[in-house]
Every structure is written in structure tokens, then in C-alpha cells.
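Chains as they are written, first to last, in my numbering: chain Z, 1 to 243; chain B, 1001 to 1312; chain D, 2001 to 2252. Inspection log for the structure reproduced underneath, given as C-alpha cells.
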Amino acid sequence: MGAHPDGIALEARDLRKAFGGVRAVDGCSFAVPRGKISGLIGPNGSGKTTTFNLLTGLAAPDGGEVLYRGENLAGLKPYQIFRRGVTRTFQVTRIFREMTVLENMLSVTGLDVPDRVARARAEELIAFVNLTHLRAEYGGRLSYGQQKLLEFARALMTDPDLILLDEPAAGVNRTLLQHLLDHIHRLQGQGKTIVIVEHDMNVIMNHCERIFVMDGGVKIAEGPPAEIQRDERVLEAYFGRRR
Amino acid sequence: MTRVEHLRNLALLGACAVALAILPHALTVYLRSFVLFTMMYVVLALSWNIISGFTGYTSFGHVAFYGIGAYACAILVADYRWHWLPTLGVGAVLAAVVGVAIGYPVLRLKGPYFAIAMLGAAEGTRVVATVWDGLTHGGLGISLPSAETSLETYYAMLVLMLLTVVVAYGVGHSRFGVRLNAIREDEVAAEALGINATLYKLTAFTLSAVFPAVAGGIQAYKVLYIDPPSVFFVQITIAMALMSMLGGKGTVIGPIVGAILLYTAQELTWVNFPTAHLIAYGLFIVLVARFMPRGLMGFAIDRGWVRKGMVH
Amino acid sequence: MAAGAVSSARALLNLRHVEAGYGSLQILHDVSLHVNAGEVVAVIGPNGAGKSTTFKVIMGFITHLGGEIVFNGHSLVGQRPDRILAVGLGYVPQGRVVFSQMTVRENLQMGAYLQRDRAKINASMEYVFALFPRLRERRRQLAGTMSGGEQQMLAMGRALMMQPKMMMLDEPSLGLSPRLVDDVFETIVALARDGLTVMLVEQNAARALEISDRGYVLELGRNRFEGTGRELLQNPEVRRMYLGGEARPVRG
């Protein structure tokens, strides 16, 4: 296992991606610190989700590299990236609608354990997100927020090392969100690396150690929350007026 | 499903097998044929369901594999004096090879494009059979020498059906099946969960090609005459699809129930209303699509008589 | 019942003991609420509580299983959604659902689909453009190419085209950056000042309660708490169970 030097879990170097004439990601570079919770923020349309797609293989970059454990992930297929220990959730949920909650959980690969064990783990995670009473219900019947919770639980099935969460708070009740965030901190305590794309500033400012700010397809700022909150460019582009 | 439930299902299957094994001795030749063809359609519907129901790639050209199996048997028996049983193996292997060859490019297409491409593939196979008359006797067809009693083909079809049911059941209650479903539901998300969609699709497709081929071979040896239009008959594909959909696409019992009901209905209308039976058939398709789009099993699941999902 | 609230008998929208669900899955077991003319009412609660389902049963999108739904004197039970729109109820579904292959202008015209009077349609469009100048700038742009915030504005504008007496907004701030969230809430306040009655569902519950006259907390398809916006914001149990323990979000 080739570990990246300097305590970096994943590095994006000069990523580029255009759709038609639109340059969604235009030379984006950043280094995600290992074992910490990082945030990726930016206005709608700044290229955050496209960046996630480039990191996880859902889109192939037009240029640039994605370095993880000494390997360039750019150009690999999503299932290959998943098998290297990188999982993600989606902004617009992509749970399996005509399959039950339990089946959604068990559709994940890479579980080289007997069915019994896999099932127990699935039930545990389902209970964690308060969906036990719906375990035999079709995914499509869940509310939006419940689908987000299911996706979160599903992403944790294989105990991945690098977890990319795309707007995990959107549509999720604030109290349950605290519960999820506590768990994210526990995962971090186990040495995992987490990157969160979010608009909810409570989540970002109170839970992330490092924040990357994107606008117009590039990173415009990075640093700890205290610095970012004071950064003029960021405030202008993103927060609008201050209270 | 618990181990007990699996054993119960196995026992049920065993009981059916025994019943069907004894049955032909009590039946007329016509009824024996009827049961044989019903079993054949169970095989076809279950096979179609693997790629179209579980995996969501709706094929309108599966009759191509049926025809390949029929021709493999006919050519080897009539022109090369093979015993008919090994020809079934050849048909299966041939269908698998052709399945991979066609599947690899065609499975990149989505939804209606895939369906139409498969339709084209079936037609293409029919044309090849017609034109390559050096091998297939073209439009003249092939007549097979008869040495069987109607019991040999009956038992062969019974064994094939039991095998297909076991495989379909295995797919439907395994992680493999859950992943096929995931591909059907959202291929992108499935890939993001580590499922190598290309490999899984191709495997499902090839699996779904093999059993119809063997069925085609048995049928050829039963009917003793085949030609391109009779084995590459588009109505066979429609029947496979319709039976699976009527019963409930994406379930295990659905295609079995659908095949039995529809084939019986078809025979009854054909016998009683020889000219009107196609109209009745068409009407039936419309009614099913309108009132039971998820098939009989879907209806039962919605009412709560059957549990949802494959994994409980 | 909080002091100062008008009795539900004269409410614009009145739900009593409503039950609803999807096929075999019943979501609402016993929901009662009312909205008086000119109020802003927030509906909050845990995931799966039935908040969006409440909107959908009012609009006639899902199976009504029991209870009364009365709007401006008309019973809405069993009515088709287009009839419900015609009696003056507007609805902005969750998730910025716009017709992506149509222009902004066309989307707005679709919002006025039931309106025959050309003059009224134009007047509505002018009103929407005055409220959202960005939409006027982009009126020939395809809706699918706009940013999330612009799409949310468009979805709201489209619902306003029928000049509804009351608007129901399902998670209007979902997925929007903080500045756009401010914009959306300011717009809602402006619309309320103009006399529009508003009911909104929000996971951003604290912000929603700040701008609301009254609120309801739903849980497991039933009523749990109700009161004025301020009362709910200050209720420690509500804060703990539904607001994440915080009364005020951290501002950037």
C-alpha cells in the first residue's frame, strides 16, 4: 500500500472538466488531509459535485490527476475506485427505489463476509439512522430525508477509508443530523478521512478542520474555519451580507 | 429467506418434479405435448426474466438463442447422425458464445435502444439461417429422423425446466441477484457501490441465453421439422416477455405462473376460437398492461400477501 | 392553543384528523392544522414525519384515507390537483422542479396554464419579474441551465402565476448556499407582507420559525407540538428534539 507522504489522503491536481462549452471544473487543486474531516463549500454551480464525480470516477477528467495511495485514480471506473476504499453519497439521492431498505444495504460489494455477518452489519447501520421500522419497505416509498439517511448508511457498509459526503445535511432533521455528525467524528477517530460538501454552515464551521472553497470551477481559498469565516473573497462570493 | 423456507421450497419443487414425472403416463399424446410446451415456456420466461426482469435490460430478441439451439440439434442429428442429447450441449455452448459476442456491444445500449438492437439481432440470426443454406438448408428447413417416443423429449424438457427453476431461484435469492436489481434500478449508483456492471450484465445475459437454446434443441427433436420462420418466430419473444410480465417481472415465481397461465389461455382460445385467438391475445396484453402493470406477483406484493424484496 | 390565534373555524385552510398514505404504507395517521388568512405557518419535524405528505394530500396527489380538508370553504377531498389549483392554492414541490427543456418564460406560462385571460397572465408575469428581476434577465434561458438558486426562484414564480391566495412551499431552502437561503426567506417575508398566506415545510426549522407566525411539529404522522413561531423556538423540548439543540444557526 503506497501511502501518500505528508499525511495527505487524496490529492486533486489541476482537475479540468467541461460539459459542452461550460467549464465546470477549471484547474482545481487541493490536498485532503488524512484522518481529518474536511469541508468543500462554494456557491451553487461552483463545481463541487462535478469535482466529487471526478474523484469517484463518475466522470473522467479532461485533464489533471487524482492521487490516492500513490495511484492516479483518474480514468478508473467507479467500481474500481470503490474497491480501493473510497465511497460517496449523492446530492440527489440515488437509492434503489424498487428494492427494500435492507436490499439497498446488501447490494454493496466488497463484503467478503458470510451473509449472516453482512446482514447483521446492515441491520446495525439501518438502526443507527432510525430506519429499522422501514427495513422491509421499498426505498422509493421513503421520504427525501429518509433516503438521504439510507444513502449515508449504505456508504458505510464496507467501512471505507475515505468517505465523500455530498450535502448530507440537506433535508435531514437537525437533531438526527447531530447524531450523524457524532458518528462522523467517531469514524474520524478511527482514522478515516471524510470530505463533506455542504451549504449548512453549522456543519461546516463546527465540524470541519479544514475547508476548501470553490467558485467558478477552481479553489479560491482554503484553511481552518476561523480563517475562512474572515476571508473577504469567500464572504463576498458566498455568504452575502453578514449579520 | 431462512434456511427452513429454502428447504420448503426445494421440497415443493421436488414434489412437482415427481408429479410431473409420473404425469405423462396418464395423459394422451396431445396433453403430453401440451405439458411439454408449458414447461418449455416456463424455461423461456424464467430465462428472459434474468436479463429483462432482474437486470432491467428488456430484450426483444431472445428467440435468437432458441433458434440457435434448434438448429444446432437439427443439423447435427440430420446431417451428422449425432445422438440428439449431446446436441443440446452444443447448442448451449454456441448460445453462450453468441451471447457474449452480441452482448458485449449491445449491453452498452440503454432501454429501448437495447430492445431494438436485440430485435435486430434476432432478425439477423434468422436471415443467417435462411441464407447460409449450405449449413442450415436455408428455406427448405431440416427434417429430423424420428426415433423417439414422446416420452424422451418430455423428460428432457422436465429436467431442463427443473434446472432453470433452480438457477433462477439461485439468482433471485443471492447477492448476485440483488446486484442485478441494483443495476436495473440505477446503474450509475450500482457502479459507485463497486458493482462491475459490464461483467454482471454480460453474465446475466449469457445465462439467459443458454436455457432457451437447450429448449430450442428439445423442441426441434420433438417437432421433427424446423425452418427459419418457425424457430425464429417473433411471437416466441413476445410470449416470453408477456409471460414474465404477466406473472411479475423481477420475481422468481412470476414467470412460472405467467407462463402456465398464458400458455394455457393461449391453447384454450386457439382451440375454441381459431381465428379470433390473436385478437383475444392482444386484448389480454392491453388489459394486463393497464390493470396489472407489475404482474400478478406485483399485485400480490402490493396487497401484502407476499413479502417485498428478495432478501428478508 | 396560543393566545391571539384565530379559531380554526374561520381559517383559510383547515385540516382535521387527516389520514393519508402510499398504497399499503400509511404515513399520516391523525394530522390537524389550520392556516389563517395572511399568516405564515411552518411545519417541522423529523424525517418521515409526514410533512411533505401533508402537502401532497392537500393537493390531491396521493390517496386520502380519512379526515377533512377544507380550503376557503371548499372541501378538497377527492378533488383533482388542477381543480385545487383553480380554487387558489399554489404549491412549490421539494427540489426545484422546473421544466428543464423550456425557457424561464415558458415555465412561467405553464404556471398559468389554467388561466384563459391573456391580460391576467401578462399581469402575473410582470408581478413575478418585479419580484425576481433575475428571472426577467434570463427569461429566454433554458431552465435546466440555471443555477440552483435561480431554479428555486423560478419554481416559486411559477406557482405565483395563478395568483394564489395561499402558497405551500416544500423545503424551499434545500441545497441552497447561505446567501441564497437568505434571499429565499426574504422573498417569503415579502410575499407575506403583500398579503399572501404561506405554509412551509423546512428542515432549516429555526430559520423557518423565525419568519413564521405559527408552527406545527409533526412526528410519525401525528401532531406533536404547536404554537407561535417564537414559542416553538424557545421551547426547550422542541429545540432539543427538532432543532438540533440550537435556537440560532451560526452565521458566516
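Ideal placement from N, C-alpha and C gives every residue a C-beta, glycine not left out.
**Q.** Where residue 1111/B falls, given that 16 or more other Cβ within 10 Å makes a residue buried
**A.** Along the second sequence, read from residue 1 onward, the residue named residue 1111/B stands at position 111. The residue is exposed, with fewer than 16 neighbouring Cβ atoms inside 10 Å.
Q.
Taking the beta carbon of residue 106/Z as the centre, do at least 16 other beta carbons fall within 10 Å, making it buried, or is it exposed?
A. The residue given as residue 106/Z occupies position 106 in the first sequence. With at least 16 other beta carbons inside 10 angstroms of its own, residue 106/Z counts as buried.
Q | N- and C-terminal bounds of the beta strand (DSSP E) containing residue 219/Z | A | Residue mapping note: residue 219/Z aligns to position 219 of the first sequence, counting from 1. Its beta strand (DSSP E) spans residues 218–223.
Q: Give the straight-line distance between the Cα atoms of residue 1077/B and residue 1065/B, rounded to the nearest whole angstrom.
A: What you label residue 1077/B is simply residue 77 of the second sequence in a count that begins at 1. What you label residue 1065/B is simply residue 65 of the second sequence in a count that begins at 1. The C-alpha of residue 1077/B lies about 18 Å from the C-alpha of residue 1065/B.
Q) Is DSSP giving residue 2174/D helix, strand or coil here? A) Taking the third sequence and counting its residues from 1, the one referred to as residue 2174/D is at position 174. Looking at residue 2174/D - three-state DSSP - the assignment turns out to be coil, as it is neither helix nor strand.
Q. Can the beta-carbon of residue 162/Z be found closer than 8 Å to that of residue 10/Z?
A. By one-based count along the first sequence, residue 162/Z stands at place 162. By one-based count along the first sequence, residue 10/Z stands at place 10. Cβ atoms of residue 162/Z and residue 10/Z: closer than 8 Å.
Q: Round the Cβ separation of residue 1177/B and residue 100/Z to the nearest angstrom and send it over; I've been treating them as touching at under 8 Å.
A: If you number the second sequence from 1, residue 1177/B lands on position 177. If you number the first sequence from 1, residue 100/Z lands on position 100. A Cβ-Cβ separation of about 13 Å leaves residue 1177/B out of contact with residue 100/Z under the 8 Å criterion.
Q) For residue 2046/D and chain Z, any beta-carbon pair shorter than 8 Å? A) For the purposes of this step, residue 2046/D is identified with residue 46 of the third sequence, where counting begins at 1. For residue 2046/D, at least one C-beta of chain Z is nearer than 8 Å to its own C-beta.
Q) Alpha carbon to alpha carbon, how far is residue 2064/D from residue 2047/D? A) Residue numbering aside, residue 2064/D sits at position 64 when the third sequence is read from its first letter. Residue numbering aside, residue 2047/D sits at position 47 when the third sequence is read from its first letter. Each residue's Cα considered, the two are about 21 Å apart.
Q. Any beta-carbon of chain D closer than 8 Å to the one on residue 177/Z?
A. Taking the first residue of the first sequence as position 1, residue 177/Z is located at position 177. Nearest CB-CB separation between residue 177/Z and chain D: below the 8 Å threshold.
Q: Give the single residue among 1168/B, 1217/B, 1027/B whose Cα lies nearest to the Cα of residue 1207/B.
A: Position 207 of the second sequence, counting from 1, holds the residue named residue 1207/B. For the residues 1168/B, 1217/B, 1027/B, the minimum Cα distance to residue 1207/B belongs to 1168/B.
Q | Residue range of the unbroken alpha helix (DSSP H) whose run includes residue 1016/B | A | Translated into positions along the second sequence, residue 1016/B becomes position 16. Where residue 1016/B is concerned, the enclosing alpha helix (DSSP H) stretches over 1003–1022.
Q. To which residues of the same chain is residue 242/Z closer than 6 Å at the C-beta, ignoring the five residues directly before and after it?
A. In the first sequence, the residue the question calls residue 242/Z occupies position 242. With a pLDDT of 44 at residue 242/Z, under the threshold of 50, the modelled position of that residue is not reliable, and no figure is offered here.
Q) What are the boundary residues of the alpha helix (DSSP H) that residue 1200/B is part of? A) Looking up residue 1200/B in the second sequence gives position 200. Segment 1197–1223, the alpha helix (DSSP H) holding residue 1200/B.
Q | Nearest-angstrom Cα separation, counted from residue 1256/B out to residue 1158/B | A | In the second sequence, counting from the first residue as 1, residue 1158/B sits at position 158. In the second sequence, counting from the first residue as 1, residue 1256/B sits at position 256. Going from the Cα of residue 1158/B to the Cα of residue 1256/B covers about 13 Å.
Q.
Give me the chain Z residues within the contact set of residue 2205/D, using Cβ-Cβ distance strictly less than 7 Å, ordered along the chain.
A. Against the third sequence, residue 2205/D aligns to sequence position 205. By Cβ distance, chain Z contributes 174.
Q: Would you mind working out which of 1294/B, 1201/B, 1043/B sits nearest residue 1318/B, comparing C-alpha positions?
A: Residue 1318/B cannot be examined here, being either before or after the span of chain B that is shown, 1001 to 1312.
**Q.** Other residues of its chain near residue 1122/B: CB distance less than 7 Å, five sequence neighbours each side excluded
**A.** As a working mapping, residue 1122/B is identified with position 122 in the second sequence. Same-chain partners within the cutoff: 1061, 1063, 1064, 1232, 1237.
Q.
Taking only three categories from DSSP, how would you classify residue 157/Z?
A. Along the first sequence, read from residue 1 onward, the residue named residue 157/Z stands at position 157. Correct three-state label for residue 157/Z: coil.
Q.
When you compare the stretch 2089–2102 of chain D with the stretch 2132–2139 of chain D, are there three or more beta-carbon pairs, one atom per stretch, that lie closer than 8 Å?
A. Contact fails: fewer than three Cβ-Cβ distances are below 8 Å.
Q: Please compile the residues from chain Z whose C-beta is within a distance smaller than 8 Å of the C-beta of residue 2065/D.
A: Here residue 2065/D corresponds to residue number 65 of the third sequence, with the count starting at 1. Those within 8 Å of residue 2065/D in chain Z number zero; the least Cβ separation is about 15 Å.
(Q) Alpha carbons only, please: which of 2142/D, 2067/D, 2095/D is nearest the one belonging to residue 2156/D? (A) Locating residue 2156/D in the third sequence gives position 156, where the first residue counts as 1. Nearest C-alpha to residue 2156/D among 2142/D, 2067/D, 2095/D: 2095/D.
Q | Start and end residues, alpha helix (DSSP H) containing residue 1187/B | A | What you label residue 1187/B is simply residue 187 of the second sequence in a count that begins at 1. Looking at the DSSP string, the run of the alpha helix (DSSP H) that includes residue 1187/B is 1187–1192.
Q: Buried or exposed for residue 2166/D, please, with buried defined as at least 16 other CB atoms from any protein chain shown within 10 angstroms of its CB.
A: As a first step, residue 2166/D is located in the third sequence; it is residue number 166 there, counting from the start. Looking at its Cβ environment, which holds 16 or more other Cβ atoms inside 10 Å, residue 2166/D is buried.
Q) Between the stretch 53–64 of chain Z and chain B, which residues of the former have CB atoms less than 7 Å from a CB of the latter, in chain order? A) Residues of the stretch 53–64 of chain Z with a Cβ closer than 7 Å to any Cβ of chain B, in chain order: 56, 58.
Q: Verify the CB distance criterion: does residue 77/Z have a CB-CB separation below 8 Å to chain B?
A: Taking the first sequence and counting its residues from 1, one reaches residue 77/Z at position 77. With 8 Å as the cut-off, residue 77/Z counts as an interface residue toward chain B.
Q) Pick from 1272/B, 1105/B, 1244/B, 1301/B: whose alpha carbon is nearest that of residue 1288/B? A) The residue you call residue 1288/B lines up with position 288 of the second sequence. Ranked by Cα distance from residue 1288/B, the first of 1272/B, 1105/B, 1244/B, 1301/B is 1244/B.
Q) Counting along the chain, where does the beta strand (DSSP E) carrying residue 87/Z start and finish? A) Within the first sequence, numbered from 1, the residue matching residue 87/Z stands at position 87. For residue 87/Z, the enclosing beta strand (DSSP E) begins and ends at 86–88.
Q: Output the boundary residues of the alpha helix (DSSP H) element that contains residue 1033/B.
A: On the second sequence, residue 1033/B is found 33 positions in, with the first residue counted as 1. Its alpha helix (DSSP H) spans residues 1029–1048.
Q: Report the neighbours of residue 1186/B on chain Z: residues whose CB is nearer than 9 Å to its CB, in chain order.
A: In the second sequence, the residue the question calls residue 1186/B occupies position 186. Within 9 Å Cβ-Cβ: 94, 95, 96, 97.
**Q.** Cβ-based burial, residue 168/Z [other Cβ within 10 Å; buried from 16]
**A.** Numbered from 1 along the first sequence, position 168 holds the residue referred to as residue 168/Z. Classification for residue 168/Z: buried.
Q. Between residue 2144/D and the rest of its own chain, which residues show a CB-CB distance below 7 Å, the 5 nearest in sequence each way excluded?
A. What you label residue 2144/D is simply residue 144 of the third sequence in a count that begins at 1. For residue 2144/D, where only same-chain residues beyond five positions count, the Cβ hits under 7 Å are 2100, 2101.
Q) Run through DSSP, which three-state label would residue 133/Z get? A) Counting from 1 along the first sequence, the entry for residue 133/Z is found at position 133. Residue state, collapsed to three classes: helix.
**Q.** Length of the line joining the Cα atoms of residue 1095/B and residue 223/Z
**A.** In the second sequence, the residue the question calls residue 1095/B occupies position 95. In the first sequence, the residue the question calls residue 223/Z occupies position 223. Distance from the CA atom of residue 1095/B to the CA atom of residue 223/Z, rounded to whole angstroms, is 60 Å.
Q. Thinking C-alpha only, which one of 1059/B, 1056/B, 1092/B, 1055/B is nearest residue 1073/B?
A. Within the second sequence, residue 1073/B is the residue found at index 73, counting from 1. Measuring from the Cα of residue 1073/B, the nearest candidate turns out to be 1092/B.
Q.
So, with DSSP's three-state summary, where would you put residue 43/Z?
A. For the purposes of this step, residue 43/Z is identified with residue 43 of the first sequence, where counting begins at 1. Residue state, collapsed to three classes: coil.
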